[in-house]
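Asks:
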Amino acid sequence: MGRKNRNRIKKEHDESSDDGEDLYENENENENAEFIRQHNIIWDTRIKMIEYCNETAIPLCDYLDQDTMMGFIEFLQEK
Amino acid sequence: MRRNNYKKSQRGNTEEWSTVSRRPRRGDRDTWSASSREKKERSKNDFYQEDRKWSRAKVFKADSNRRERKRAEPDFPSLVEGQVSTPVSTTSGPKWSNLIRKDDDDATSTTHEIDDNDADADVFQYPCPRHRKCVRNQVPKPNHNVSNGTWEMTYFKHILELHAIFVAGIKRLGLGYLDMNSFEFLEVFSHFIKDCSSGEITPFVDRVGEGVDKNLEDLYFEYMVKRNDI
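Chains A and B supply the protein sequences, listed in that same order.
Position in the first sequence counted from 1, then plus 18, gives you the numbering used here.
Position in the second sequence counted from 1, then plus 38, gives you the numbering used here.
And the structure:
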């Protein structure tokens, strides 16, 4: 790589590192935090339901996994 | 010396009384020297001639016999009015008493009596036709032929409990705009629970059927009426 080309790339790289990337990263962090919060809530709810099924010995939550619960919540949110 | 007037081919024993067979000559039609084609034709003609003769003679004979033989009319006793005719014993005909054998006598019992010694005897097995081969050591498959209403009614109490747990947990997600206490949401939740389970009724469930819990039954009836929009 030549000297001029190296400087051009370095200049473009410096220009692209502005505040937009920080905002994008912050949004991703918020989304991840919201996703983790929802995930924890759904997880707790699922565990409670499974515990109830185990206590009463009924086979209603045998195939109730996290993805199924998330899919059902998304279905309700679309409604 | 008397001169022989016969041809050379006709020499030999031509007399009918002679038992010595004459040696066949060339040109003799009644001998083995005839070709196979001639033999076939000859046998064919002989067959038809014999058949015709036989059939004609047979038919004529049968007709002549039929004319000669007349069926003898039975000599029934004359009926007199006001008098009951007594049956006449016939001397002709088979004697059925001679046909009965000793084995058919009722005095000798042919029935198989079950004793203690015959307890281990083989039991007669009726041969049942099998349309397909028997599969042994196979785990019986679950029966999926369970209606949704039966399943829902069986687990309605537990569905209500799970619904309460689910609503209490999901409220934190901010889904308050959904009317989670409505029968519509309960119907959706019931289908969701059925999809998450095997969809079958376990034989160890406590309450199956009607008349177990009156309040629960009324509640399910109300839910069913609202769900079906009756």
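Idealized CB from N, CA, C, for every residue including glycine.
Inspect the beta-carbon positions of Ile197 (chain B) and Ser228 (chain B) and report whether they are closer than 8 Å.
Replies: Against the second sequence, residue 197 (chain B) aligns to sequence position 159. Against the second sequence, residue 228 (chain B) aligns to sequence position 190. It is a contact, given that the beta carbons lie within the stated cut-off.
Asks: Hey, is the stretch 63-83 of chain A in contact with the stretch 229-240 of chain B, meaning 3+ C-beta pairs nearer than 8 Å?
Replies: Short answer: they touch.
Asks: In angstroms with no decimal places, state the Cα-to-Cα distance between Ile54 (chain A) and Arg210 (chain B).
Replies: Here residue 54 (chain A) is taken as the residue at index 36 of the first sequence, counted from 1. Here residue 210 (chain B) is taken as the residue at index 172 of the second sequence, counted from 1. Taking the straight line joining both Cα atoms gives about 13 Å.
Asks: Taking Cβ positions, are Lys252 (chain B) and Phe221 (chain B) nearer each other than 8 Å?
Replies: Against the second sequence, residue 252 (chain B) aligns to sequence position 214. Against the second sequence, residue 221 (chain B) aligns to sequence position 183. In this structure, Phe221 (chain B) does not lie closer than 8 Å to Lys252 (chain B) by Cβ.
Asks: Identify, in the order they occur along the chain, each residue of the same chain with its Cβ nearer than 6 Å to the Cβ of Trp92 (chain B), setting aside the five sequence neighbours on each side.
Replies: In the second sequence, the residue the question calls residue 92 (chain B) occupies position 54. Model confidence at Trp92 (chain B) stands at a pLDDT of 49, short of 50, so the residue's coordinates are unreliable and nothing is read from them.
Asks: Run the CB neighbour count on Arg64 (chain A), radius 10 Å, all protein chains shown included, and call it buried at 16 or more, exposed below.
Replies: Walking along the first sequence from the start, residue 64 (chain A) turns up at place 46. By the neighbour-count rule (16 or more Cβ atoms within 10 Å), Arg64 (chain A) is buried.
Asks: Starting from the Cα of Glu73 (chain A), find the closest Cα among B:Asn186, B:Leu200, B:Ser185, B:Gly212 and give me that residue.
Replies: The residue you call residue 73 (chain A) lines up with position 55 of the first sequence. For Glu73 (chain A), the nearest C-alpha among the options comes from B:Leu200.
Asks: Just by C-beta distance, which residues in the stretch 70-82 of chain A are closer than 9 Å to chain B?
Replies: Of all residues in the stretch 70-82 of chain A, Tyr70, Cys71, Thr74, Ala75, Ile76, Pro77, Leu78, Cys79, Asp80, Tyr81, Leu82 have a Cβ within less than 9 Å of some Cβ in chain B.
Asks: Could you list which residues in chain E have their beta carbon closer than 9 Å to that of Thr240 (chain B), in chain order?
Replies: The question asks about chain E, but that chain is absent: this structure's protein chains are A and B.
Asks: Under the assumption that Met67 (chain A) contacts Phe204 (chain B) (Cβ atoms under 8 Å), give the Cβ distance between them as a whole number of angstroms.
Replies: Sequence index remark: in the first sequence, residue 67 (chain A) carries index 49 (1-based). Sequence index remark: in the second sequence, residue 204 (chain B) carries index 166 (1-based). Yes, Met67 (chain A) and Phe204 (chain B) are in contact; Cβ-Cβ is about 7 Å, under 8 Å.
Asks: For Trp92 (chain B), name the three-state secondary structure that DSSP assigns.
Replies: Counting from one through the second sequence, the residue named residue 92 (chain B) turns up at place 54. Its pLDDT being 49, under 50, Trp92 (chain B) is placed unreliably by the model, and the measurement read from it follows with that caveat. Here Trp92 (chain B) sits in helix by DSSP.
Asks: Could you run through the stretch 208-236 of chain B and flag, in chain order, every residue whose CB is less than 7 Å away from some CB of chain A?
Replies: Result list: Ile208, Arg210, Leu211, Leu213, Leu216, Phe230, Ile231, Cys234, Ser235, Ser236.
Asks: Kindly list, in the order they appear in chain B, the residues whose Cβ is closer than 8 Å to that of Gln84 (chain A).
Replies: Locating residue 84 (chain A) in the first sequence gives position 66, where the first residue counts as 1. Under the 8 Å cutoff, chain B gives no residues; its nearest Cβ is about 12 Å from Gln84 (chain A).
Asks: Could you tell me whether any Cβ in chain A is nearer than 8 Å to the Cβ of Val190 (chain B)?
Replies: Reading the second sequence from its first residue, position 152 is the one you call residue 190 (chain B). The sequence given here has Glu at residue 190 (chain B), not Val. It does not: the Cβ of Glu190 (chain B) has no partner Cβ on chain A nearer than 8 Å.
Asks: Between Leu94 (chain A) and Leu216 (chain B), how many whole angstroms is the CB-CB distance? I'm expecting something under 8 Å.
Replies: Looking up residue 94 (chain A) in the first sequence gives position 76. Looking up residue 216 (chain B) in the second sequence gives position 178. So it is a contact: roughly 6 Å between Cβ atoms.
Asks: Just checking: is the beta-carbon of Lys29 (chain A) within a distance shorter than 8 Å of some beta-carbon in chain B?
Replies: Indexing the first sequence from 1 puts residue 29 (chain A) at position 11. No - not a single Cβ of chain B is within 8 Å of the one on Lys29 (chain A).
Asks: Could you round the C-beta distance between Ile60 (chain A) and Gln84 (chain A) to whole angstroms and report it? I think they count as a contact, below 8 Å.
Replies: Here residue 60 (chain A) refers to the residue found at position 42 of the first sequence. Here residue 84 (chain A) refers to the residue found at position 66 of the first sequence. Going by Cβ atoms, the distance from Ile60 (chain A) to Gln84 (chain A) rounds to 7 Å, so yes, they are a contact pair.
Asks: Quick one, which of B:Asp267, B:Gly214, B:Pro241, B:Glu190 has its alpha-carbon nearest Lys97 (chain A)'s?
Replies: The residue you call residue 97 (chain A) lines up with position 79 of the first sequence. With distances taken between Cα atoms, Lys97 (chain A) lies closest to B:Gly214.
Asks: Suppose you measure from the CA of Phe90 (chain A) to the CA of Asp32 (chain A); what does that come to, to the nearest Å?
Replies: What you label residue 90 (chain A) is simply residue 72 of the first sequence in a count that begins at 1. What you label residue 32 (chain A) is simply residue 14 of the first sequence in a count that begins at 1. So the alpha carbons of these two residues sit roughly 45 Å apart.
Asks: Give the straight-line distance between the Cα atoms of Arg24 (chain A) and Asp62 (chain A), rounded to the nearest whole angstrom.
Replies: Here the question's residue 24 (chain A) lines up with position 6 in the first sequence. Here the question's residue 62 (chain A) lines up with position 44 in the first sequence. Going by the C-alpha atoms only, they are around 54 Å apart.
Asks: Can you pull the chain A neighbours of Leu257 (chain B), defined as C-beta to C-beta under 7 Å?
Replies: As a first step, residue 257 (chain B) is located in the second sequence; it is residue number 219 there, counting from the start. In chain order: nothing, as chain A lies at least about 18 Å away.
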